[in-house]
Amino acid sequence: MLVSASVAGDCFSGGQVAQPHRIIPIVEASRIQTSGDRSVVWKGLQTLPPLTLYIHVPWCVRKCPYCDFNSHEAPADLPEADYLAALTADLEQALPHIWGRQIHAVFFGGGTPSLLSEQTMDQILSMVRARVALWADAEITIEANPGAAEIDRFKGYAASGINRISLGIQSLDDAQLIALGRIHDVSQALAAIEMARSSFGRVNLDLMYGLPGQSAEQWCQTLRQIRQFDTEHLSLYQLTLEPQTVFAKYPPVLPDEDVIDQMESVIQEEIVAQGWDRYEVSAYAKPGATSRHNMNYWTFGDYLGIGPGAHSKISFPDRIVREARTRSPLQWMQRAVQWDGSHIPESVSIAEAELPFEFMLNALRLREGVSSSLFEQRTGMPLHQIHPQIQKAIDKGLLAPWADRIVASPLGWRHLNTLQSQFLSES
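Take any residue in the sequence shown, note its place counting from 1, add 383, and you have its number in the numbering used here.
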C-alpha cells in the first residue's frame, strides 16, 4: 500500500479545544465517609499482580536531541555476544524473586532494539523461554527505528516469536525529522510501516506533535496519512523539553498553547472519531489492540527489567521493591557476569505512605480509570486509607463521583499532574 505525501481535503477547522472522552460515573455517589484514623495501614498483598518482562537494548545509531532515555551511540561492531551473556546472567540472578510466576508480555525497548541481528534476538528469546514461564499467547514487542528497518530482519524477528512492533515514526515531514535529529526520512518511514505490516500481526506507530515550527494543519495532514495504514495502535506524544537533553540546553521554539490545543482537537477529529479509542493519555487503539505490557504498567502490575538502566517493580507478600540496573552498557555487561549484585546499584522497598501516589501516578492515566478494589489488591492498603484524598479530588472536580471505580474527570485528565499530586504523602 502506497500513501501519498499529501492528503487532499480541508484538514483543520480550528477553534475548538480538544476534550478527552467524557467520563461518565457509574452512579452518583454521596460524600464518602472517612475514617478518623489517618495512619497508614499495611495489610500485605493477598495475591501478586501480573508480571511482564522488559529488556533494554541501549544502543542507537545517533542519540536524538530530545531523548532522555538511557541510549548510547552504537559502536561500529555491537558487542552482541557480551550483551547476551550479561543479559542471561542478569535474568538468572533475578529468578529467585519471580519463582513460579508467569510472564504475559515481553517488551524490547531502547535505544534501538532493531539494531540487534535476528540471530541474537532469537537467542535472547530462546534464553528467556528456557528460564521463565511465558504465556502461550504472550505479547512480545520490539521497538524499531525506520532508519534501521530491514525486511529480512523483521521477518527473522517474527520467526523468533516477536508478534508486535512499535515504530518510531515521529513525523512525516522531512524538515521536522531533521529538526528532531532523526536518522530517517519520510520515504524510509513509509517503507518501514509497510515492512512492519507485512511481518508482524500488530503494529504501533509513535508520533510526536508540538514540534518546532509545526502547525496544526501539518499535524492534521500527518495523521491523515498515518490513518490510511489503519494500524491497530498509535502512540501520540507532545514534545516536551526534558532535563539533561540537547533540547533542554538549546531549546527550540515550540508552538504555543493555542496551537497545541488545536493539535489536540485534530487528534479528536482525525483519530478518535475514526475508530481509535483513547484508552490512555497518549495511547490510541482499535478494539482489542491495547498494549498488554503498558496496561500492566498503568494498572500497577509488576515488571522485571533487565539490561543497562532497566527498572523493575516486583511485589512480595510483605513489600513492593523497585530496582534500577547500572546505566552504562559497558559497566552493566562487566558487573552482571560477576554474580555479585553490583549491576543493581538501586534496590528499595516503596514506603507504605508513598504507595497511594505510586498507584495513582499510573492508574489515573487510563481513561476508564481502575476498579476501586484494584487499589487494595495492588498496594495492600485498605481503600478507606485514601478516602480523604479521593473526596478532596472529587470536590475540586478532578475525579468523577464514583462507586466502584477511580476515574479522572475530563478536567482531571487535562490537569493530570494536579490530580496525581492529591495523593502525595504529607510526610
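Note that CB positions come from ideal geometry on N, CA and C, so glycine has one too.
It is roughly 6 Å from the alpha-carbon of MET743 to the alpha-carbon of GLN803.
For GLU663, the secondary structure class from DSSP, reduced to helix, strand or coil, is strand.
A residue is called buried when at least 16 other Cβ atoms come within 10 angstroms of its Cβ; ASP460 does not meet this threshold and is exposed. Runs of the alpha helix (DSSP H) lying entirely within the segment 496-542 and spanning at least 4 residues, in chain order: 501-514. Taking a C-beta distance under 8 Å as the contact criterion, ARG610 and GLU653 qualify as a contact pair. The beta carbons of ARG708 and ILE727 sit about 6 Å from each other, so the pair counts as a contact at 8 Å.
Membership of SER732 in the beta strand (DSSP E) is indicated by the continuous run 729-732.
Fully enclosed beta strand (DSSP E) runs of no fewer than 3 residues occupy 585-592, 616-621 of the segment 577-656, in order along the chain. In the DSSP assignment, PHE490 falls within the unbroken beta strand (DSSP E) covering 485-493. Taking 8 Å as the upper bound for CB-CB distance, ARG748 and TRP659 are not in contact here, some 17 Å apart. Assignment of GLN553 by DSSP, reduced to helix, strand and coil, places it in the strand class.
Closest option to GLN502, judged by alpha-carbon separation, among LYS538, TYR667, LEU738: LYS538.
In the structure shown, ASP473 falls within a helical segment according to DSSP collapsed to helix, strand and coil. DSSP places LEU757 within a helical segment (H, G or I) once states are collapsed to three. Looking only at PRO595, LEU757, PHE612, LEU594, the smallest Cα-Cα distance to LYS669 is reached by PHE612. The beta carbons of GLU615 and ALA656 sit no closer together than 8 Å.
Of the candidates GLY724, ARG702, ASN528, GLN721, the residue whose Cα lies closest to the Cα of GLU737 is ARG702. For HIS439, the beta-bridge partners assigned by DSSP are GLY492. In the three-state scheme derived from DSSP, where H, G and I count as helix and E and B as strand, ILE697 is classed as strand.
ARG797 sits in a helix when the DSSP states are folded into three classes. Counting along the chain, ARG702 sits inside the beta strand (DSSP E) bounded by residues 702-707. Contact between GLN608 and LEU563 does not hold, since their C-beta atoms are separated by about 17 Å, which reaches or exceeds 8 Å.
Sequence-distant partners of GLY584 (beyond 5 residues in either direction) whose C-beta falls short of 6 Å from its own C-beta, in its chain, are ASN546. Per the Cβ contact rule, the segment 518-528 is not in contact with the segment 712-725 (fewer than 3 Cβ pairs under 8 Å). In this structure, DSSP gives ARG788 an extended state, which the three-state scheme calls strand.
Taking one beta carbon from each stretch, the segment 683-699 and the segment 438-447 have 3 or more pairs nearer than 8 Å; the two touch. DSSP places ASP778 inside the alpha helix (DSSP H), whose first and last residues are 770-778. Beyond the five residues adjoining it in sequence on each side, ALA631 comes within less than 8 Å, by CB distance, of LEU624, GLU625 in the same chain, given in chain order.
DSSP, read as helix, strand or coil, puts GLU456 in strand.
DSSP places TYR680 in the uninterrupted alpha helix (DSSP H) bounded by 675-681. Bounds of any alpha helix (DSSP H) do not take in LEU687; it lies within the beta strand (DSSP E) bounded by 685-689. Sequence-distant Cβ neighbours of THR628 in its own chain, meaning closer than 7 Å and more than five residues away, are PRO448, TYR449, CYS450, ASP451. In the DSSP assignment, LEU431 falls outside any alpha helix (DSSP H) and carries neither an H nor an E.
Only buried fits PRO712, as 16 or more other CB atoms lie within 10 angstroms of its CB.
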